[in-house]
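These notes are about the structure you will find just below.
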């Protein structure tokens, strides 16, 4: 019935469109000629100035308004922060298709003055399906990665382990310039320099045209572009001074890097080439305590530990993108990416193990030893993509896309138990692995305008496979463990997905909406060398979505959205071959994990003010079935098993508030807050043991804010803070996490050269910043670990602009391999 109604509506709309007149055109920024998305177009009757019809521009700045009768009209075009433009009166006849061409809007005089004098711009914008934030407003992120930009968003929090969460959920889909990056955000975005980021788009209620992956929605990173016609070059370099924090560790952190991006454009070619190298070490210290109870033996084992936990890490990459416009209707795009990522984690800890008799002051034994633990992860990433777009005479379009990626991922965990630093070897365990991954993606998308709306449909094929080889070497061999073979083997994983979607969107002067439906068939295969059974999971699912934006007044908006999502398990989470990650822990996955299905719902309001300021509030709910959690169980008297498994239900209900305020020409203030109630309930099964009842919940809040003071046209000072409160997990809680930063910026040579001094992780000896305690517990164990990282260090950044202008730069990034790094 729904399909029939839509078909009838389309036929009526096309019939009306054919009989009445239409007006079309394009709206761009007068200064840089970039298209303005969501600019308003209103058509008025000359005789009485009554509003006849209207519309909103699309992503490429185009608009098309139909259902117009014969008459004399005039047009007004306007966009927040720009001067309105009026197209003088004109006559229109039935059946006529009037092409207005390009309408150029100039930034408002007040805003232009602020740009010239203070650099003030619109920093945040709410749209029907997303919130958009300008990355340049976050000075503390310069010289870092895209993660350093992301953590300032009102919906986003980063914890002490670097995990990124959106509205409390760590699973979300990452797009770079609209292309999916099927990875965890921490790894994928760690390779993208913050200097290359133009805007961050938070799509918290995605429509059907997007992949349904990601339980918290989608983050789209749009990167910078250069000139309109001509060439431009940007060079950035940074160097970090040593931290004032001294843990007595073996080595000192090194922090330096740089990136360079070149762009050339003429009427047919758009060529972008970029490269970066980043060294970003992190010194730290770890203090932990664990006890495990053995009821059968009436004993309890304690093994507190403390020592170094530091990271040596670097990455480098080269990217290129070539776009050729053969004519206005045929566009070809070719992209390539190649890079390497390396991370070496040292966790050299002193252990004090002891065993006591329960309820007695009797100690069976006490032993001390030194655990030298080094975990090395590295990978090379290579991909190429090709896109072709054809635009038909009726402005409908078809786009074909293909991507291929191959990533060579490998590493080793070295786990040495010694009598002391440099002492006699007690036990040496190695976990070397190789797990190369290969992936394909092919898409075909079609869109056509129907009246004031647009119908979009598409098909996608996706396949990725990983062939892993895992080993376990113990020196001297441990004859007390006859099941060592289960620590070795091969694991082949494959994900095959076919999907198709259809969605219809429309906008008027008052209302915008998007409704759609996506269907997906998927097949997941896990084949293990030591298991005669092949683990296969086949799924067939629909993913509906709907978004609505209603403009109560031009500066006061109401929006709502609902969608269904899926969070797929990574190959790491599916791999049941244990890894001896620490002396006290084994980590393993489950090949029969179920994917997590999520319903998202939100409703919010946005208020716009003169000069580009805005305030918004959004209430939301995320309801999850089978959320995947990493939980602990007892493996042996002094070893915990960390296993990925499903819990029956998870839910977060809350609200977020954001304010982007330009208080004066020299003072900006931005703040985002998030408050939600997180709960985990249901039955938990670990390694076939008896089910464990889980019921843990609590309130969580986070605050991200920054304020900028401009003392002169070339001087500015910014202070920012990121705070995440304690939060419940399935088996325990994570403590609060705090990061304050400050930066001072000076520009030279007519703003072409920019120097920034950043004071990062400010603490001043108070021992409050850049540290987080993680605790879990069960009936027979308790574990708590405090991770403490270096604070109070200075980073110097220099950026030089050779004929560079604002815009978007499309450079490819790894799609499949990053999440398995």
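Residue numbers (this note's numbering): 284 to 1104.
No residue lacks a Cβ here, since even glycine has one placed at the ideal position from N, Cα and C.
Under the three-state DSSP convention, the category residue i falls into
i	result
residue 770	helix
residue 710	strand
residue 342	coil
residue 292	Residue confidence for residue 292 is low, a pLDDT of 39 falling below 50, so the modelled location carries little weight and cannot support an answer.
residue 856	helix
residue 377	coil
residue 1047	coil
residue 429	helix
residue 1085	strand
residue 1073	coil
residue 513	strand
residue 1130	This structure cannot settle anything about residue 1130, because the visible part of the chain is limited to 284 through 1104.
residue 792	coil
residue 571	strand
residue 627	strand
residue 870	strand
residue 760	coil
residue 894	helix
residue 615	strand
residue 486	strand
residue 551	coil
residue 1002	strand
residue 334	strand
Residue span of the beta strand (DSSP E) that contains residue i, given as start and end
i	result
residue 350	345–351
residue 968	From DSSP, residue 968 is part of no beta strand (DSSP E); its letter is neither H nor E.
residue 322	That residue, residue 322, is in no beta strand (DSSP E); it is neither H nor E in DSSP.
residue 1060	1054–1061
residue 547	538–548
residue 980	975–995
residue 901	897–908
residue 732	720–733
residue 876	Unbroken run through residue 876: none, as it is neither H nor E.
residue 1108	Look at the range of the chain in this structure, 284 to 1104, and you will see that residue 1108 is not part of it.
residue 683	680–701
residue 912	911–919
residue 1031	1020–1031
residue 584	582–585
residue 934	932–947
residue 739	736–753
residue 665	646–674
Among the options, the one whose alpha carbon lies nearest that of residue i
i	options	result
residue 879	344, 601, 692, 497	497
residue 573	750, 932, 560, 589	589
residue 608	670, 639, 643, 658	670
residue 726	708, 716, 746, 737	746
residue 1035	876, 778, 637, 1082	1082
residue 1033	580, 998, 581, 1061	998
residue 848	882, 867, 860	882
residue 928	920, 919, 550, 909	909
residue 499	525, 903, 1061, 769	903
Sub-7 Å separation of residue i and residue j beta-carbons
i	j	result
residue 1022	residue 1044	yes
residue 958	residue 952	no
residue 348	residue 368	no
residue 614	residue 672	yes
residue 346	residue 354	no
residue 980	residue 1007	no
residue 1078	residue 523	yes
residue 459	residue 480	no
residue 541	residue 519	yes
Spatial neighbours of residue i in its chain, beta-carbon cut-off 6 Å, leaving aside the 5 residues before and after
i	result
residue 678	732
residue 1066	573, 1059
residue 264	Because the chain here runs from 284 to 1104, residue 264 falls outside it and cannot be looked at.
residue 699	655, 711
residue 585	574, 637
residue 754	715, 771
residue 932	964, 965
residue 1027	1000, 1040
C-beta neighbour in chain D for residue i, strict 7 Å
i	result
residue 922	No chain D appears in this structure, which consists of one protein chain only.
Contact set for residue i: own chain, Cβ-Cβ below 7 Å, skip 5 residues either direction
i	result
residue 490	412, 786, 797, 799, 828, 830
residue 834	793, 840
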